[in-house]
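Here the structure comes first, spelled out in structure tokens, and everything after it is commentary.
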Amino acid sequence: MALESFQLPITDFQIGNETRRNSMLICVPIMAESVDQMLVQMQKAKDFGGDLVELRVDFLKNFVPRQDLDILIKQAPLPTLVTYRPRWEGGQYDGDESKRREALCLAMELGADYIDIELKVAHDFFNSLPGERPEKVKIIVSSHNYERTPSVEELSDLVARIQATGADIVKIATTAVDIIDNARIFQVLVHSQVPMIGLVMGERGLMSRILAAKFGGFLTFGSLEAGLVSAPGQPTVKELLDLYNMRLIGPDTKVYGVIGNPIGHSKSPHLYNASFKSSSFNGIYLPLLVDDVSTFITTYSAPDFAGYSYTIPHKEAGLKCCDEVDPIAKAIGAISCMIKRSTEGKLIGYNIDYLGGIAAIEEELRVSNGATLASGSPLAGKTFVVIGAGGAGKALAYGAYKKGARIVVANRTYGKGLKIDKAKELACKVRGQALTLAELNDFCPEEGMILVNATPVGMEPRIEETPVSKEALKHYSLVFDSVYTPKLTRLLREAKQSGATIVYGTEMFVNQAFIQFEMFTGLPGKTMPYD
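Residues 1 to 531 in UniProt numbering are what the sequence shown spells out, letter by letter.
In structure tokens:
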């Protein structure tokens with residue numbers, strides 16, 4: 001199922017002194033064992049920029065409903081949503097259902113702005129209400145699926161069932177097995193005729209929590225701090241506001257992102273979203289945890305999904321999904337950037353890894369050697385050893401080859417089953433030679449070689465790993481690591497100790513970001529803020 005094109009009305013909303021491009025609220029879950037702790041957390045929620053708080057009273061120890069709710073609701077610095085979640089719906093409460101229902105009714109009586117009741121017991125709850133309910137309170141009827149995301153047809157039926165209970169607001173939370181599951185929630189959300197909260201839980205569901213602002217969601221949840229979440233995959237309030245610029249997302253906002261697996265380490269959203277904001281470009285850039293590139297591209301085919309960066313392990317798979325491929329990317333056999341041409345929707349693939357990486361290496365060599373641009377590439381005639389024969393390895397080997405370097409490819413999977421030919425295939429393309437990593441430790445045809453790591457070895461969280469022994473590093477004058485989390489990898493640390501000049505992966509990351517920013521926005525890359 002592809003996410004179809006749509007157009008919600010484009011309106012700026014004035015809330016307080018702030019102009020927003022959407023009306024979606026940020027709700028901060030308050031989960032603590034005491035009322036005093038909850039009061040402190042509520043003040044933090046306001047200070048951080050939340051719009052309302054969810055009082056998860058099922059987390060309170062020794063909960064005394066009338067006393068505790070009276071304090072919490074009347075002293076809350078923000079509007080309140082009271083939730084008393086039972087264990088059978090993923091919460092903490094494991095007591096008598098009638099007492100839980102009485103506490104929620106009491107919350108309404110004491111002035112709560114919203115209460116949440118589960119679909120399973122919603123009819124009983126509405127039937128038990130004593131007379132007219134307070135006009136102020138809105139009732140959210142919720143359904144949580146902790147296993148999967150149903151089909152659009154099933155979700156639409158679920159919305160109808162929730163509406164039929166008398167709900168003021170519909171809430172559906174599902175679980176992402178694949179990132180394409182978000183598209184089903186978006187389809188239902190954008191066509192909903194009533195206020196709706198539609199979210200997908202888990203890391204693969206992160207985009208639903210942010211793009212709900214684009215598709216008309218009533219609210220999204222943001223935690224006070226990382227790890228203190230009420231559901232899997234929940235971002236923090238600060239991330240929603242400061243990283244993803246949620247207030248600036250509108251129905252016409254263009255969607256960009258970095259496609260990879262894993263992806264949580266990526267710093268690209270920090271760089272691009274700050275750049276989009278500072279240049280007043282109407283775009284959002286997301287980390288996209290993708291399992292199958294072809295399925296992702298087919299699902300998110302709407303024009304607003306406008307471009308992607310590609311990282312490990314999808315650079316080669318991304319090339320196969322392009323309608324057109326830049327000649328250099330075709331020669332390399334992998335892409336690092338994909339742009340959707342707005343006129344006819346064609347996907348164009350480019351590879352700019354080699355530009356970013358080679359430029360960083362050349363710059364450092366010139367500084368070390370006191371050379372100038374006029375003297376040609378400092379890579380000419382050098383032995384250039386690339387560890388890795390994937391997308392990044394291909395790009396860097398190709399770039400160095402074009403600069404006149406002698407290429408050696410060492411692949412960590414060399415000699416294992418069907419991947420035995422990968423290093424040999426790349427070496428053949430650049431008229432070089434292939435080695436195993438074991439052979440690399442004793443490889444020394446000359447001193448002063450250049451070493452490039454184009455694998456994820458040493459990346460967080462496995463920061464103590466390194467692709468080559470420290471003893472072997474004494475033969476290299478310069479070592480570059482494409483890994484940039486952490487900035488100083490074990491490989492670079494040991495290379496520096498061995499006397500080599502080191503080049504951080506962040507240099508390649510920033511160089512190619514300038515180019516991609518221009519491709520995404522049509523604005524000069526030099527306008528990007530980077531510290």
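Note that beta-carbon positions come from the ideal geometry of N, C-alpha and C, so glycine has one too.
query, result
"Can you tell me the Cβ-Cβ gap for LEU199 and SER208, rounded? I've got them flagged as a contact below 8 Å.", "5 Å"
"When burial is assigned at 16 or more other CB atoms within 10 Å of the CB, is GLU132 buried or exposed?", "exposed"
"Determine the extent of the beta strand (DSSP E) in which VAL188 is found, giving its start and end residues.", "It is not in any beta strand (DSSP E) - VAL188 instead sits in the alpha helix (DSSP H) that spans 181-191."
"Using only the alpha-carbon positions, how far apart do THR372 and GLY525 sit?", "24 Å"
"Tell me whether TYR484 sits in a helix, a strand or coil according to DSSP, three-state version.", "coil"
"With distances taken Cα to Cα, identify the nearest neighbour of THR436 among LYS429, VAL479, VAL409 and GLY448.", "VAL409"
"Compute the distance between the beta-carbons of ILE30 and ASP51, then report whether it is under 8 Å.", "no"
"In angstroms with no decimal places, state the Cα-to-Cα distance between VAL28 and PHE276.", "26 Å"
"Only counting the same chain, and skipping five residues up and downstream in sequence, which positions put a Cβ closer than 6 Å to that of SER498?", "LEU473 and LYS474"
"Quick one: using the 10 Å Cβ neighbour count with 16 as the cut-off for buried, is ALA317 buried or exposed?", "buried"
"Would you mind sorting LEU418 into buried or exposed? The rule is 16 or more other CB atoms within 10 Å of its CB.", "Any reading at LEU418 needs caution, since the residue's pLDDT is 44, under 50, leaving its predicted position unreliable; the model's value is listed next. Exposed, since its Cβ has fewer than 16 Cβ neighbours within 10 Å."
"Beta strand (DSSP E) containing TYR401: first to last residue?", "That residue, TYR401, is in no beta strand (DSSP E); its alpha helix (DSSP H) goes 391-402."
"How is HIS123 classed by DSSP in three states: helix, strand or coil?", "helix"
"So LYS44 and LEU241 are supposed to be a Cβ contact under 8 Å. How far apart are they, rounded?", "In fact, because the Cβ distance is near 14 Å, the residues do not count as touching under 8 Å."
"Under the DSSP definition of a beta bridge, which residues are partnered with VAL82?", "LEU55 and ILE115"
"Can you check whether the CB of LEU286 is closer than 8 Å to the CB of CYS321?", "no"
"Taking the continuous beta strand (DSSP E) assigned at GLN433, which residues delimit it?", "433-436"
"Assuming ALA454 and LEU396 form a contact by the criterion Cβ under 8 Å, report the distance between their Cβ atoms to the nearest whole angstrom.", "6 Å"
"Once the 5 residues before and after GLU102 are set aside, which same chain residues still bring their CB inside 6 Å of it?", "none"
"LEU3 and THR253 look like a contact to me (Cβ under 8 Å); what is the Cβ gap, rounded to whole Å?", "With a Cβ gap of about 14 Å, LEU3 and THR253 do not count as contacting."
"Can you name the start and end residues of the beta strand (DSSP E) that ILE284 belongs to?", "283-289"
"Could you say which of PHE514, SER377 and LYS429 lies nearest to ALA389 if we only look at CA atoms?", "LYS429"
"Quick one: what does DSSP say LEU379 is sitting in, helix, strand or coil?", "coil"
"Please confirm whether GLN516 and ILE352 have their CB atoms less than 8 Å apart.", "yes"
"To which residues of the same chain is PRO232 closer than 6 Å at the C-beta, ignoring the five residues directly before and after it?", "MET201 and GLY202"
"Helix, strand or coil for VAL194? Go by DSSP, reduced to three states.", "coil"
"Enumerate in chain order the residues of its own chain whose CB-to-CB distance from ARG148 is below 8 Å, with the five nearest sequence positions on each side excluded.", "THR174, THR175, VAL177 and ASP181"
"Just the Cα atoms here: how many angstroms apart are ARG20 and GLY283?", "14 Å"
"Restricting to Cα atoms, I'd like to know which of GLU363, GLY222, TYR310 and GLU109 is closest to SER268.", "TYR310"
"In this structure, does DSSP put SER280 in helix, strand or coil?", "coil"
"Less than 8 Å between CB atoms is the rule here; does PRO327 satisfy it with respect to chain C?", "Included in the structure is just one protein chain, with no chain C present."
"Decide if PHE234 is buried, meaning its Cβ has at least 16 other Cβ atoms within 10 Å, or exposed.", "Sequence check: residue 234 is Gln here, not Phe. GLN234 comes out buried."
"Compare the beta carbon distance of VAL503 and ILE332 with 8 Å and say whether it is the shorter of the two.", "no"
"What number of angstroms, rounded off, separates the C-alpha of VAL194 from the C-alpha of TRP88?", "27 Å"
"Give the single residue among GLY49, ALA183 and GLY91 whose Cα lies nearest to the Cα of HIS144.", "GLY91"
"Where do the ends of the beta strand (DSSP E) carrying SER309 lie?", "305-310"
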